[in-house]
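Going by the working numbering, the sequence shown opens with residue 317, and the numbers climb by one from there.
Glycine included, C-beta positions come from ideal geometry on N, C-alpha and C.
In what follows, a single structure is set out as structure tokens and then discussed.
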Amino acid sequence: SEVLAAEAVSCLNRAMAALRDIWEEIGIPEEQRLERTDVVRKHIKSLLDMMVAEEESLKERLLKSIALCRKELDTLCRELELGPFETEESTILQMEKNLRTCVEVLQKQKRDRKQELKALQEQDRALCDILCTAVFTIDTGSVPSLEDLDRYRCHVASLNTLKEQRREEFVTNKRQIILLMEELDHTPDTSFERDVVCEDEEAFCLSEDNIMALQNLLQQLEARRALNEAVCAELRARILALWERLQIPQEERESSA
């Protein structure tokens, strides 16, 4: 910078010397030369003052940006539950750049956490509608911590597992119920039975109450089948005893069977 400053002074001196030579060749009086020299001085001073003012303005903008970045960083660190931000000694320009970069990084972390929270809430609501359970309790007015998001992920994963378990149980029981109804020649006569037999498997509410009701329905149909089988067995035994008493030949028994 000292070399450039010396070069600037040298350029100014050469320009002034050239101007003096021109004025002398033209024959401009000394008094006018002094006036013109003063005009040059004022012009150069005005130009330099303007450049200094611009650089001072730049410095003020950088200092203001640093103050705003520090304030924003403090807020972001509190919201993200991070430790206080520490800066290293550096130039004003480098510090402003470093702080601005850190603000952008933490702002992205904040956006990412909120976006993940929103996605988890959408999954949670959808699963709760299917399973008829309460949604996960979390403060939506603040930025979720990493621990909050981890707990929420685990909660949603457990609901997904529960949904798959109940879906598999529903599909299995539904198939058995349909077979039993056909075997018993039973027509669904309640809204729940019709929902089980006719409704789309994806639309069936997999609540705990519905799964228990499904199990009860299956048990009732199995009990009816068992009762029918017992009645049939008793009737067969009575017929066999009657054949024995009447001494019905084996050929007639087989033809009757």
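Legend entry - C-alpha distance - THR353 paired with SER326, whole-angstrom precision: One-based indexing of the sequence shown puts residue 353 at position 37. One-based indexing of the sequence shown puts residue 326 at position 10. Roughly 17 Å separates the two Cα atoms.
Legend entry - Reduced DSSP secondary structure (H/G/I, E/B, other) of LEU522: To locate residue 522, count along the sequence shown from 1; it is residue 206. Of the three classes helix, strand and coil, the one that applies to LEU522 here is coil, per DSSP.
Inset, instruction - Specify the secondary structure class of GLN563 as computed by DSSP and reduced to three states. - result: In the sequence shown, counting from the first residue as 1, residue 563 sits at position 247. GLN563: coil per DSSP, three-state reduction.
Legend entry - Of the residues GLU524, LEU398, GLU498, the one placed nearest GLN481, counting alpha carbons only: By 1-based counting over the sequence shown, the position of residue 481 is 165. Nearest option by C-alpha distance: GLU524.
Legend entry - Backbone CA spacing between GLU388 and LYS434 [nearest angstrom]: The residue given as residue 388 occupies position 72 in the sequence shown. The residue given as residue 434 occupies position 118 in the sequence shown. Cα-Cα distance, rounded: 24 Å.
Inset, instruction - In the DSSP assignment, find the unbroken alpha helix (DSSP H) run with ILE342 in it and report its ends. - result: The sequence position of residue 342 within the sequence shown is 26, counting from 1. Element bounds for ILE342: 318 to 342.
Inset, instruction - Just the C-alpha distance for LEU551 and ARG561, rounded to the nearest angstrom, thanks. - result: Sequence index remark: in the sequence shown, residue 551 carries index 235 (1-based). Sequence index remark: in the sequence shown, residue 561 carries index 245 (1-based). C-alpha separation (whole angstroms): 15 Å.
Inset, instruction - Alpha carbon to alpha carbon, how far is LEU500 from ALA553? Give it in angstroms, no decimals. - result: Numbered from its first residue, the sequence shown carries residue 553 at position 237. Numbered from its first residue, the sequence shown carries residue 500 at position 184. Approximately 22 Å, taken between the alpha carbons.
Legend entry - Start-to-end residues for the alpha helix (DSSP H) that takes in PHE486: Stepping through the sequence shown from its first residue, residue 486 is reached at position 170. It spans 462 to 500 - the alpha helix (DSSP H) in which PHE486 sits, taken as one unbroken run.
Legend entry - TRP339 to GLU351 span [Cα, whole Å]: Locating residue 339 in the sequence shown gives position 23, where the first residue counts as 1. Locating residue 351 in the sequence shown gives position 35, where the first residue counts as 1. Each residue's Cα considered, the two are about 12 Å apart.
Inset, instruction - Just mark LEU537 as buried or exposed, buried being the case when its beta carbon has 16 or more other beta carbons within 10 Å. - result: Your numbering for residue 537 matches position 221 in the sequence shown. Buried, since its Cβ has 16 or more Cβ neighbours within 10 Å.
Inset, instruction - Quick one: residues in its chain with C-beta nearer than 6 Å to the C-beta of LEU422, no 5 flanking neighbours on either side, listed in chain order? - result: On the sequence shown, residue 422 is found 106 positions in, with the first residue counted as 1. Around LEU422: LEU392.
Inset, instruction - Below 8 Å on the Cβ atoms is my guess for VAL512 versus LEU533; work out the distance and round it to an integer in Å. - result: For the purposes of this step, residue 512 is taken as residue 196 along the sequence shown, with counting starting at 1. For the purposes of this step, residue 533 is taken as residue 217 along the sequence shown, with counting starting at 1. Confirmed, about 7 Å.
Inset, instruction - With distances taken Cα to Cα, identify the nearest neighbour of GLN492 among ARG541, CYS548, SER461. - result: Stepping through the sequence shown from its first residue, residue 492 is reached at position 176. Answer by Cα proximity: ARG541.
Inset, instruction - Would you give the residue range spanned by the alpha helix (DSSP H) that PHE508 belongs to? - result: Your numbering for residue 508 matches position 192 in the sequence shown. Unbroken alpha helix (DSSP H) run through PHE508: 507 to 514.
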